[in-house]
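Asks: After the structure tokens below, expect a handful of questions from me.
Chains as they are written, first to last, in the working numbering: chain W, -14 to 384; chain P, 3 to 568.
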């Protein structure tokens, strides 16, 4: 990999372009809900185009960041996102909509800190698990980032934003799994979740809300409504779709048709072919990401690239699973396509970093070597300390 | 990085993407039809736009059924705001309790009727209340300006303009035309996004063969006769004998078309075509026509009926009066049962049956009104020993008044069996003729000579010495035949001693017939004979009808005022 990956940029362009088209398609027919929000035909489309422009600027900035800078920024970014997350609850700064407080006022728009948290967490985890202090067979090493995740999740649940909680959980566990931590630690975490599941089972109302995705037709008017409408949209599309702009389900039958459920409208207008096209783009994006990661010698960069790719891929995957009724219905935007600036900006920043990291930079390499040298010395010291308590330190050397 | 784990994780994630694709194939290909149907059900709605039914007019364009534009009030539960004071006023205007109105309004949905087709003043008052969520639609209410007139022909429609009886039912598809429904696409809020052109669609207009004035005449006279004889029911049919056009058709009891839904079954029955009776002497046309057409007899052939009775199969059938020797013509004129049975025996059962069928007995006439029955006559192989003594004089057969009228029309028109009908034309809203029924089927069944000969015989019925002298009118010859039959008591299955059906069927002017008419009076009290009960009704109607139709008076020999019963 001598040069930066053009493929990543092309896919990003296709996805954002396609997204903008779909946003125009889903919001240009004014529905009473949109009119109440003061929308005109181009209202959402213009705002989304503006976000895309800002997104590319942020992508360019992220592209300029050196990996070492990113590594240094890990902790500050985590703290900043924590502060932003808390600001949501401050009256005057926090903005609530639809019964949830997820946004902070950011003239001329709003920002959703929980989107930033995902990226901050990825960078933090990449730094954490690549550091020499991290021990794969230490439960303490395992539980520390889990604790950080819990703190964020606790705040996010108060907003509430279950979609972000879900993707944060998957992301964190995936990163720790990659780090080589013991499977039994993850098992313990799963066991710890069982009481929560039991508690949910004891509250039938809430339980039904969550399980309605299994059979939405049990309660078609309330909990199952959105999912049924999503199915109808997809089913109505068939193989080739009803054609661009001809969706019926976007006519306020399917709630959130321009945000979390935009994929259903893609399916309706472009059919199975269009839907698979989008999925393939995400698969390629993810595949390029892991290829880049595999080529990296520097551990932090490897984890960072994997983490950012996972962040995008997992969000897309969860979104697909939600709209097709395979996991409970939770609000989560489809990266690059859904309307919603915060998600787009964060994902654009991630792409910016990925493109930069796909490039084999000479400086970086020498920098890498210097760092590695330092680390090796550090490790030797550590391994001596290790041997006092443990029989071997093979894991460290394997890395 | 742990390479093995990276491979596992990446594989799991890419595999998950493929699971999504499989799920999509399931939803979008295998469940495509079901889901696409659900989508269509949601956004396509067949809107009833109130098409204006075509109007129904008589043969001279007088309106018999038309539409009134009335307001209906509906409620949109999503916009409805409850204001108790206004609700109270609304309830009192609609003559209901406030709770009853609230009970009608569901929480879900966007549309519910509160009141249909209200009086204009009432609707205005409700409009002025300006209650949120209440809306108004103009609907067409079917209105029958002549109330009871021709009720059994016109029929009526229900509150949603669904056809229930008569022409309204039989010609419903023409009256509705193709209109009445428009397919619209709508969003979840029920707002219409696109639709066919919503204009007021009018159905086709129907021109009846009925003449309102003639209809009024027969209804008035039938009503008079009904009260005079305290009869249970009655039917009169007036027809153009050449074309089969029904000029008027009335039954009593009848009903007000504007209150059609509350009429009982007896009032709604179109007895003229749905009820069978034993015709009695009017059925003697069968042996008369048969004998003449087969050239077995001439009008002056002689019959000795002086014994006043004839034994058939061990049973003696008697005449009302004893006659001496009668010519064939006199047998019909005086309605001699003995003579008729003798004619019937000469004709034989096979030919008797053949002529009965030829004259349309036991067959539907094909009139364009719902509910016609065929009646029945037994085929010869099923006759009993006494049948030859019963059938020639109109027993052991069941006919409708219309069948008998059609048979006599064949005599009037020179030998053709016509198809009775009540619709003359169907006219589109823009005035084009869509269908015309002026040339309905007409089959020659007997020679014109036979018809002419029998016509002369029928003329003698209303002349001195005949049973139907009360049917004769000044200025024109009447040809016809009386009929008196005992009704069968349903309990005993035997002939009733009290219940009779009196009838008179004929046409006028006899030599150049303009109208053929049958009068049937069920269960008259005081008098039973057709010549006494039905013949005067025929006369009174014919008198008025001929002057309305401006039929010229013919030269006619003076006729003494002697009344001979039967």
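Think of the CB as a built atom: it goes at the ideal place given N, C-alpha and C, for glycine as much as any other residue. From a predicted model like this one, the values you see are computed outputs, not experimental measurements.
If distances are taken between C-alpha atoms only, which option among P:418, P:516, P:16 comes closest to residue 291 of chain P?
Replies: Out of P:418, P:516, P:16, P:418 has the C-alpha closest to the C-alpha of residue 291 of chain P.
Asks: Do the region 486 to 495 of chain P and the region 447 to 465 of chain P touch if we need at least three Cβ pairs shorter than 8 Å?
Replies: These segments do not touch.
Asks: Can you pull the chain W neighbours of residue 114 of chain P, defined as C-beta to C-beta under 7 Å?
Replies: Per Cβ cutoff of 7 Å: no residues; residue 114 of chain P is ~18 Å from chain W at best.
Asks: Please list the terminal residues of the continuous beta strand (DSSP E) segment that includes residue 97 of chain W.
Replies: That residue, residue 97 of chain W, is in no beta strand (DSSP E); it is neither H nor E in DSSP.
Asks: Any Cβ of chain W within less than 8 Å of the Cβ of residue 15 of chain P?
Replies: Interface residue, yes.
Asks: Check this for me: beta carbons of residue 314 of chain P and residue 391 of chain P, under 8 Å apart or not?
Replies: Yes, they are a contact pair.
Asks: If we define contact as Cβ-Cβ less than 8 Å, is residue 198 of chain P a contact residue for chain W?
Replies: For residue 198 of chain P, the predicted model reports a pLDDT of 47, less than 50, meaning its position is unreliable and no value from the coordinates is stated.
Asks: Take the Cβ of residue 203 of chain W as the centre, count every other Cβ of all protein chains shown within 10 Å, and call the residue buried at 16 or more, exposed below.
Replies: Burial call: exposed.
Asks: Counting only Cβ pairs nearer than 7 Å, list the residues of chain W close to residue 81 of chain P.
Replies: Those within 7 Å of residue 81 of chain P in chain W number zero; the least Cβ separation is about 12 Å.
Asks: At 7 Å on the CB atoms, spell out the chain W contacts of residue 11 of chain P, in chain order.
Replies: Simply 159, 162, 163.
Asks: Grouping DSSP H, G and I as helix and E and B as strand, with all else coil, what is residue 427 of chain P?
Replies: In the structure shown, residue 427 of chain P sits in a strand (DSSP, three-state: E or B).
Asks: Can you tell which of W:68, W:213, W:140, W:284 has the C-alpha that lies nearest to the C-alpha of residue 53 of chain W?
Replies: The shortest C-alpha separation from residue 53 of chain W is found at W:284.
Asks: Out of curiosity, what's the CA-to-CA distance linking residue 326 of chain W and residue 80 of chain W?
Replies: Cα-Cα distance, rounded: 15 Å.
Asks: List the residues that DSSP assigns as beta-bridge partners of residue 140 of chain P.
Replies: P:73, per the DSSP bridge assignment.
Asks: According to DSSP, simplified to helix, strand and coil, what is residue 488 of chain P?
Replies: Strand, per DSSP.
Asks: Does DSSP put residue 312 of chain P in a helix, in a strand, or in coil?
Replies: Strand at residue 312 of chain P.
Asks: Going along chain W in order, which residues have a C-beta closer than 8 Å to the C-beta of residue 36 of chain P?
Replies: Chain W residues near residue 36 of chain P: 220.
Asks: When the cut-off is 8 Å and only beta carbons count, does residue 107 of chain P lie next to chain W?
Replies: No, because no Cβ of chain W sits closer than 8 Å to the Cβ of residue 107 of chain P.
Asks: Based on Cα-Cα distance, which residue from P:174, P:340, P:497, P:324 lies nearest to residue 318 of chain P?
Replies: If we check each option's Cα against that of residue 318 of chain P, P:340 comes out closest.
Asks: What is the DSSP secondary structure of residue 319 of chain P, reduced to helix, strand or coil?
Replies: In this structure, residue 319 of chain P counts as strand in the three-state DSSP scheme.
Asks: Buried or exposed for residue 211 of chain W, please, with buried defined as at least 16 other CB atoms from any protein chain shown within 10 angstroms of its CB.
Replies: Counting Cβ neighbours within 10 Å, residue 211 of chain W comes out buried, since at least 16 surround it.
Asks: Identify the continuous beta strand (DSSP E) that holds residue 497 of chain P and give its terminal residues.
Replies: Run containing residue 497 of chain P: 496 to 510, per the beta strand (DSSP E) assignment.
Asks: Please check if any C-beta of chain P sits within less than 8 Å of the C-beta of residue 379 of chain W.
Replies: Low local confidence applies: a pLDDT of 49 at residue 379 of chain W is under 50, so the model's placement there is unreliable, with the coordinate-based value given in what follows. It does not; no Cβ of chain P falls within 8 Å.
Asks: Could you confirm whether any beta carbon from chain P is found closer than 8 Å to the beta carbon of residue 311 of chain W?
Replies: It does: the Cβ of residue 311 of chain W has a partner Cβ on chain P nearer than 8 Å.
Asks: Keeping to the same chain, check which residues put their C-beta closer than 6 Å to that of residue 246 of chain W; ignore five residues upstream and five downstream.
Replies: The answer, listed in chain order, is 215, 239, 308.
Asks: Applying the 10 Å Cβ sphere with the 16-neighbour rule, what's the burial state of residue 164 of chain P?
Replies: With fewer than 16 other Cβ atoms within 10 Å, it is exposed.
Asks: Note down, in chain order, all residues in the region 213 to 238 of chain W with a beta-carbon under 7 Å from any beta-carbon belonging to chain P.
Replies: Answer set for the region 213 to 238 of chain W: 216, 217, 219, 220, 221, 222, 223, 224, 233, 234, 236, 237, 238.
Asks: Taking 8 Å as the threshold (C-beta atoms), are residue 308 of chain P and residue 330 of chain P in contact?
Replies: No, they are not a contact pair.
Asks: Just to confirm, are residue 409 of chain P and residue 362 of chain P a CB contact at a threshold of 8 Å?
Replies: It is a contact, given that the beta carbons lie within the stated cut-off.
Asks: Our contact map puts residue 372 of chain P next to residue 206 of chain P with C-beta atoms below 8 Å; I'd like the distance itself, whole angstroms only.
Replies: About 18 Å separates the two Cβ atoms, so there is no contact after all.
Asks: Where do the ends of the alpha helix (DSSP H) carrying residue 288 of chain P lie?
Replies: It spans 287 to 295 - the alpha helix (DSSP H) in which residue 288 of chain P sits, taken as one unbroken run.
Asks: Let me make sure I understand the geometry here. Which of W:328, W:256, W:177, W:50 has the alpha-carbon closest to that of residue 30 of chain P?
Replies: Considering only alpha carbons, the answer is W:256.
Asks: Closer than 8 Å by beta-carbon distance: list the chain P residues that pair up with residue 174 of chain W, in chain order.
Replies: Under the 8 Å cutoff, chain P gives no residues; its nearest Cβ is about 16 Å from residue 174 of chain W.
Asks: Consult DSSP for residue 73 of chain W and reduce its assignment to one of helix, strand or coil.
Replies: Coil, per DSSP.
Asks: Since residue 337 of chain P and residue 283 of chain P are thought to touch, with beta carbons under 8 Å apart, how far apart are those beta carbons, to the nearest angstrom?
Replies: Right, the Cβ-Cβ distance comes to about 5 Å (below 8 Å), so this counts as a contact.
Asks: When you compare only the Cα positions, how much space is there between residue 250 of chain W and residue 235 of chain W?
Replies: Approximately 7 Å between the Cα atoms of the pair.
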